[in-house]
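**Q**
Structure follows, in C-alpha cells:
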C-alpha cells in the first residue's frame with residue numbers, strides 16, 4: 530500500500546517537495562500550466578546545424594535563462610559528412626534517456642528510494658530505405674526504440690521495475706515518441 | 191408543489207440504502223426515479239452480464255443475499271430482483287417515472303422540478319449514478335460513417351453486431367468481457383489497451399473479493415490513500431462474474447485469439463493509430479497486481495490464515511505481442527463495428543447548484559457535497575474502497591444520513 534512519507538532530506542537530489550507544491554499550485558491555476566518550449570536553429574554548412582535554446586513560455590509569462598545552450602547536429606562520415614556533432618536522431622535518444630532517467634530519480638525520491646547509480650543504454654533501429662526513398666513501405670523514423678536500464682538502488686527488483694514503469698507513464702519524451710503529434714511546418 | 195425534508199434522486203441500490211437509513215433517522219423523504227427501481231440495470235446492461243461481486247457481497251442495510259450460492263454472481267434479472275426486493279422490503283417511498291429536470295437553490299432548501307410536478311426539500315441526496323454518459327474519444331468523429339459505433343451501454347449480445355471484425359476500445363471490466371463474448375461467438379476481435387487494472391478472479395483458491403474483504407482492503411478510507419483523485423479515477427478491474435469463476439485478462443483473451451493493440455490515439459478515416467506504450471501499460475498493471483497479491487499474502491501470514499488457503503504463487507506476466515501493431519486500416523482488416531468501453535461520467539446537467547469543479551465533477555468530501563444540505567451516494571471510492579460496490583452503500587448511507595440528520599438539527603437550532 531502507498532503511504533505518505535515526510536522527508537526532510539533529499540535522497541537523490543530531487544526537490545520533490547517543490548514539485549509537489551508546483552503540482553498543487555498549478556491545479557489551482559490551470560492557465561499557468563500551459564508551457565511552450567522553444568528552440569531556434571541555423572544551418573551552418575553541409576548537414577551541420579546549430580540549435581540554440583534559451584527562453585520558454587510558462588507560468589503565464591516568457592521565461593529566460595542566464596545562459597543560452599547550443600546543440601549542434603551533423604552526420605557521421607559514412608553519411609559523407611564531417612561528423613562535427615551527433616545526428617538529430619541520436620539527440621532524440623538522448624532526450625528519451627534524459628527524460629526517463631530524470632523520471633526515475635523523481636519517482637525514487639518521492640518513494641523514498643535511495644539511488645546509487647542509474648545507467649541506461651538506448652538503441653533506435655532504423656532502416657535507411659525510408660529516408661533514402663528506396664522503399665515507400667519503410668518509414669523514415671525508428672522501427673523500434675529500446676531502453677535498457679541498469680539501476681543500483683536500495684530497493685527490491687520489483688520496486689526498481691516499478692520506478693522505471695512509472696517514469697515511462699509520466700514521461701513527456703516517451704509520450705512524444707510513442708504517440709502521434711500534429712506537426713505544422715511553415716515558411717517565412 | 192409538494193414538500194418533503196429530503197429528496198433522494200435515483201432509486202438504485204445507493205439511493206435505497208440512503209432511504210433505509212433516513213427512515214431509521216426519522217427523516218421524511220422521497221426518492222425520485224426517472225424509470226423504475228434499478229433502472230440502469232433494466233435498460234443499460236448487456237444480456238450475459240453478471241455482477242462483479244460475489245453473492246455474499248450483495249449486502250445492504252437490513253438486506254442481504256439469501257440464496258444457496260454465496261460464491262456465485264447475480265445475473266442482471268437477479269440483480270434487478272435483489273434491488274427491487276430491497277425497495278419493497280424497506281417500503282421505500284419511490285416516485286417512479288419521474289425525471290428530475292432541474293434542481294436549484296430555494297431559500298434554505300431546494301426546488302426540484304420534475305416531469306411529474308415540482309417539489310421543495312431541505313436536503314438533497316444525489317444518487318443518480320456515475321455511469322450515465324459514455325466517454326467517447328474525440329477521434330470518433332474522424333471515423334468513416336459506415337463503421338458502426340456503439341458504447342458498452344448499448345451492447346446487448348453478439349447477434350446484435352454485424353458480421354465482421356470488431357474493435358473493442360478499452361481494457362477494463364466491460365471491454366474485456368465484451369471482447370471475450372464476441373470472440374467466443376467467432377468474431378475477429380481487436381482490443382485496444384490503455385492503462386488498466388489486472389486482477390485474477392481467484393487467488394490461492396479464494397475469490398479475490400473475499401481476500402480484499404477479509405483483509406480489510408475494501409474498508410480502506412479516503413483518508414488512508416495518498417491521492418484520492420487518483421484512486422477514484424482508477425478503471426474497473428479486469429474481473430468477470432461467471433458460473434466458472436474464470437479469470438479474464440489480456441492473457442486469456444490472447445489465448446482465445448483476440449489481438450491486443452495499444453491505446454487508440456487517433457483516427458483518420460479508416461486508419462487508426464495506436465500508442466507504442468502497450469508494453470509499459472501491461473508492465474504497470476502486472477506490477478500493481480503483484481503488489482496487491484503480496485499485500486494479501488502478507489495479510490494471510492500475519493492473520494494466521496495460511497491453513498485456509500492454497501500456497502502463494504506468481505501469475506504469468508502479461509504477454510505483449512513481439513511487435514505490437516501501431517496502426518490499422520479498419521477496412522483492410524474487415525472491422526465493421528467499434529465498441530467504446532472507455533468509461534462513463536455522471537450526468538449532472540439538471541443540477542443547477544454551484545457544486546462543481548472545473549472539470550464538471552461534484553466537489554465533495556466523502557459524499558458531503560460542498561454546499562450545505564447536499565449529499566452524494568454511489569460514487570467510486572466515495573468514502574471507502576467499497577463505496578464503488580453495492581456492499582459499500584450501507585456504511586456510506588449510515589455515515590451520511592447521520593451527517594444529514596445533524597445538519598437538519600443544526601439548522602433547526604439556528605432557526606429557533
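Protein chains in written order, with the working numbering: chain A, 530 to 717; chain B, 191 to 606.
Think of the CB as a built atom: it goes at the ideal place given N, C-alpha and C, for glycine as much as any other residue.
Whose Cβ in chain A lies nearer than 9 Å to the Cβ of residue 455 of chain B?
**A** Under the 9 Å cutoff, chain A gives 707, 708 and 709.
**Q** Mind the definition here: the stretch 558-565 of chain B touches the stretch 704-711 of chain A only if three or more C-beta pairs lie below 8 Å; say whether that holds.
**A** No contact exists between the stretch 558-565 of chain B and the stretch 704-711 of chain A.
**Q** Relative to the C-alpha of residue 475 of chain B, which candidate in B:435, B:226, B:487 and B:509 has its C-alpha closest?
**A** For residue 475 of chain B, the nearest C-alpha among the options comes from B:509.
**Q** In the structure shown, what three-state DSSP assignment does residue 508 of chain B receive?
**A** Correct three-state label for residue 508 of chain B: coil.
**Q** Measuring CA to CA, which of A:691, A:652 and A:548 is closest to residue 680 of chain A?
**A** Taking only the C-alpha atoms, the option nearest residue 680 of chain A is A:691.
**Q** What does residue 691 of chain A touch in chain B if you count any residue whose Cβ is under 7 Å from its own?
**A** Residues of chain B passing the Cβ test: 477.
**Q** Taking DSSP's pairing of strands, which residues face residue 614 of chain B in a bridge?
**A** Look at the range of chain B in this structure, 191 to 606, and you will see that residue 614 of chain B is not part of it.
**Q** Which residues in the same chain as residue 343 of chain B place their Cβ atom closer than 7 Å to its Cβ, once the five residues preceding and following it in sequence are excluded?
**A** Cβ neighbours of residue 343 of chain B beyond the five flanking positions: 234 and 324.
**Q** Which of the three DSSP states, helix, strand or coil, is assigned to residue 562 of chain A?
**A** Looking at residue 562 of chain A - three-state DSSP - the assignment turns out to be helix.
**Q** What's the call for residue 565 of chain A, buried or exposed, on a 16-neighbour Cβ count within 10 Å?
**A** The residue in question, residue 565 of chain A, is exposed, as its Cβ has fewer than 16 Cβ neighbours within 10 Å.
**Q** Mind checking the stretch 574-594 of chain B against chain A and listing, in chain order, the residues whose C-beta falls within less than 7 Å of any C-beta there?
**A** The stretch 574-594 of chain B vs chain A, Cβ under 7 Å: nothing.
**Q** Using the C-alpha atoms, what's the distance from residue 202 of chain B back to residue 366 of chain B?
**A** Cα to Cα, residue 366 of chain B sits roughly 25 Å from residue 202 of chain B.
**Q** Under 9 Å between C-beta atoms, does residue 704 of chain A make it to chain B?
**A** It does; some Cβ of chain B falls within 9 Å.
**Q** Look at the Cβ atom of residue 489 of chain B, then the Cβ atom of residue 495 of chain B, and state whether they are nearer than 9 Å.
**A** Yes, they are a contact pair.
**Q** Specify whether the stretch 402-420 of chain B and the stretch 574-594 of chain B touch according to this definition: at least 3 beta carbon pairs, one from each stretch, less than 8 Å apart.
**A** Cβ pair count under 8 Å is three or more, so yes.
**Q** Using the three-state DSSP reduction, which class does residue 250 of chain B fall into: helix, strand or coil?
**A** In the structure shown, residue 250 of chain B sits in a strand (DSSP, three-state: E or B).
**Q** Following the continuous alpha helix (DSSP H) through residue 269 of chain B, name the residue where it begins and the one where it ends.
**A** Per DSSP, residue 269 of chain B belongs to the alpha helix (DSSP H) from 266-279.
**Q** Reducing DSSP to helix, strand and coil, say where residue 708 of chain A ends up.
**A** Residue 708 of chain A falls in the coil class under three-state DSSP.
**Q** Indicate whether residue 655 of chain A and residue 618 of chain A have their beta-carbon atoms separated by less than 9 Å.
**A** Yes, these two residues count as a Cβ contact at 9 Å.
**Q** Residues of chain A with CB under 9 Å from residue 463 of chain B, in chain order?
**A** The answer, in chain order, is 708 and 709.
**Q** From residue 289 of chain B to residue 592 of chain B, what does the alpha carbon distance come to, in whole angstroms?
**A** Spanning the two alpha carbons is a distance of roughly 27 Å.
**Q** Please report the straight-line C-alpha distance between residue 574 of chain A and residue 660 of chain A, rounded to a whole angstrom.
**A** So the two alpha carbons sit approximately 20 Å from each other.
**Q** Taking only the alpha-carbon atoms, compute the straight-line gap between residue 349 of chain B and residue 255 of chain B and give it to the nearest angstrom.
**A** C-alpha separation (whole angstroms): 32 Å.
**Q** Does chain A have any CB closer than 9 Å to the CB of residue 222 of chain B?
**A** No, no contact with chain A.
**Q** Closest Cβ-Cβ distance between residue 308 of chain B and chain A: below 9 Å?
**A** Not closer than 9 Å to any Cβ of chain A, the Cβ of residue 308 of chain B fails to qualify, so no.
**Q** How big is the Cα-Cα spacing for residue 209 of chain B and residue 426 of chain B?
**A** For residue 209 of chain B and residue 426 of chain B, the distance between alpha carbons rounds to 27 Å.
**Q** Assuming residue 231 of chain B is part of the beta strand (DSSP E), what are its boundary residues?
**A** Premise fails: residue 231 of chain B lies in the alpha helix (DSSP H), 229-233, not in any beta strand (DSSP E).
**Q** Going along the stretch 589-617 of chain A in order, which residues come within less than 8 Å of chain B, judged by CB to CB distance?
**A** Of all residues in the stretch 589-617 of chain A, none has a Cβ within less than 8 Å of some Cβ in chain B.
**Q** Could you check what DSSP says for residue 446 of chain B in three-state terms: helix, strand or coil?
**A** It is helical.
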